[in-house]
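Novice: Numbering (this note's numbering), first residue to last: 2 to 321.
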Ligand SMILES: Cc1cc2nc3c(=O)[nH]c(=O)nc-3n(C[C@H](O)[C@H](O)[C@H](O)COP(=O)(O)OP(=O)(O)OC[C@H]3O[C@@H](n4cnc5c(N)ncnc54)[C@H](O)[C@@H]3O)c2cc1C
């Protein structure tokens, strides 16, 4: 029997929802762990705009590890930190890509086999399109920043709504970069699979049933399947993979607007849950060329923005 259950949900707290990339589910589960004196691990930007996993022990710190960062997050010694926290009898919540959660569980099994550590650990993964190469992000951020320094970065700013999210970067001189995912060259390259890790195209961590306790995602089809849950501020899918996760979700459900849905809806509206995305046919060519050229221009050249422009230019030439 299928033990995975799926829910549509969003956080009742409007401020948390604005701050979160989707419906703010990660925050409620993380807050619960912190209130129980536990430690929460998630992905954060460092002072250079690189992404790495980091621990948080207070609710005030949580915004650092909230929000989707469309870059591979470096683990450094995170697995060891999780191990030490569990050995010290602390509760731990770890959120990461499905492969990062899989890696963590394998690692802990090596060192903690036989102990009752699973009861103290909660794992959350998300439906993962794939992770972009950190080198592409490093070069793009450097180029966009110029002489300025990025102070905050949000890949999922909701100024123009949850569905048409934007990349927003604030700089130390008070200036700001804000561009829709439909136009920003980096986001276009990500969504067109131009520079995901090669392994993401044959990911073996996909599937409905998972080793993690929870899977979270965007409920992109919500306006069709559950119009009452759609207000363009962010609605999530939450999947529970075992009885303990159902119990935990029950315990935080007062903070959520939530309703159970059929898991087949998740597969219909969010195919990366079961299928790896196809590699862009020009990926290898792009990866070779991007190191020698201006990255924004190269990205534009290789994504559909330029394709549409090229077609328009050709049509203009024929007409005039
Ligand atoms: C690389 C990537 C690919 C994604 N692909 C899909 C997809 O195909 N379909 C879909 O519906 N949603 C996708 N998501 C978005 C994911 O669904 C949302 O992060 C999640 O729904 C946000 O929920 P929230 O509002 O509850 O949490 P938020 O508060 O926004 O928290 C997001 C959580 O994800 C963690 N996280 C953020 N970036 C990374 C990273 N680079 N590596 C590891 N952990 C990270 C954070 O630490 C935090 O715990 C993707 C996110 C990322 C980072």
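Glycine included, each C-beta is placed from N, C-alpha and C at the ideal position. The structure displayed is predicted, hence computed values, not measured ones.
1) Do you know how far the Cα of residue 138 is from the Cα of residue 50?
2) I need the boundaries of the alpha helix (DSSP H) containing residue 88, first residue and last residue.
3) Rounded to the nearest angstrom, how far is the Cβ of residue 22 from that of residue 28, given a contact under 8 Å?
4) Hey, how far is the Cα of residue 58 from the Cα of residue 69?
5) Straight-line CA distance for residue 188 to residue 4?
6) Spatial neighbours of residue 18 within its chain, please: CB distance less than 7 Å, with the 5 preceding and 5 following residues excluded, ordered by chain position.
7) How far does the alpha helix (DSSP H) with residue 240 in it extend, from its first residue to its last?
8) Could you give the first and the last residue of the continuous alpha helix (DSSP H) run that contains residue 15?
9) Where does the unbroken alpha helix (DSSP H) through residue 224 begin, and where does it stop?
10) Tell me the DSSP bridge mates of residue 263?
11) Keeping to the same chain, check which residues put their C-beta closer than 6 Å to that of residue 127; ignore five residues upstream and five downstream.
12) Return the CA-CA distance between residue 263 and residue 75, expressed in angstroms with no decimal places.
13) Do residue 252 and residue 119 have their beta-carbon atoms positioned less than 8 Å apart in this structure?
14) Could you check the C-alpha separation between residue 269 and residue 227 for me, to the nearest Å?
15) Taking the C-alpha atoms as reference points, what is the distance between residue 38 and residue 230?
16) Which runs of the beta strand (DSSP E) spanning at least 3 residues fall entirely within the segment 102-128, listed in chain order?
17) Comparing C-alpha positions only, which one of 276, 261, 191 sits nearest to residue 206?
18) With a Cβ-Cβ cutoff of 8 Å, do residue 84 and residue 42 count as a contact?
19) Verify the contact flag: residue 9, CB atom, against every heavy atom of ligand 1, threshold strictly below 7 Å.
20) If you measure between the beta carbons of residue 237 and residue 220, is that distance less than 8 Å?
21) What three-state label does DSSP hand residue 206 in the structure shown?
22) Among 280, 135, 181, 239, which residue has its Cα nearest to the Cα of residue 125?
23) Can you give me the start and stop residues for the beta strand (DSSP E) that residue 179 sits inside?
24) Since residue 198 and residue 73 are thought to touch, with beta carbons under 8 Å apart, how far apart are those beta carbons, to the nearest angstrom?
Specialist: With the given structure in hand:
1) 9 Å
2) 79-88
3) Contact doesn't hold; Cβ gap of about 11 Å is too wide.
4) 20 Å
5) 35 Å
6) 11, 12, 24, 25, 234, 235
7) Per DSSP, residue 240 belongs to no alpha helix (DSSP H); it is in the beta strand (DSSP E), 237-241.
8) 15-20
9) 223-226
10) Paired residue(s): none; residue 263 is not in a bridge.
11) 217, 218
12) 34 Å
13) no
14) 14 Å
15) 33 Å
16) 122-127
17) 276
18) no
19) no
20) yes
21) coil
22) 239
23) 177-181
24) 6 Å
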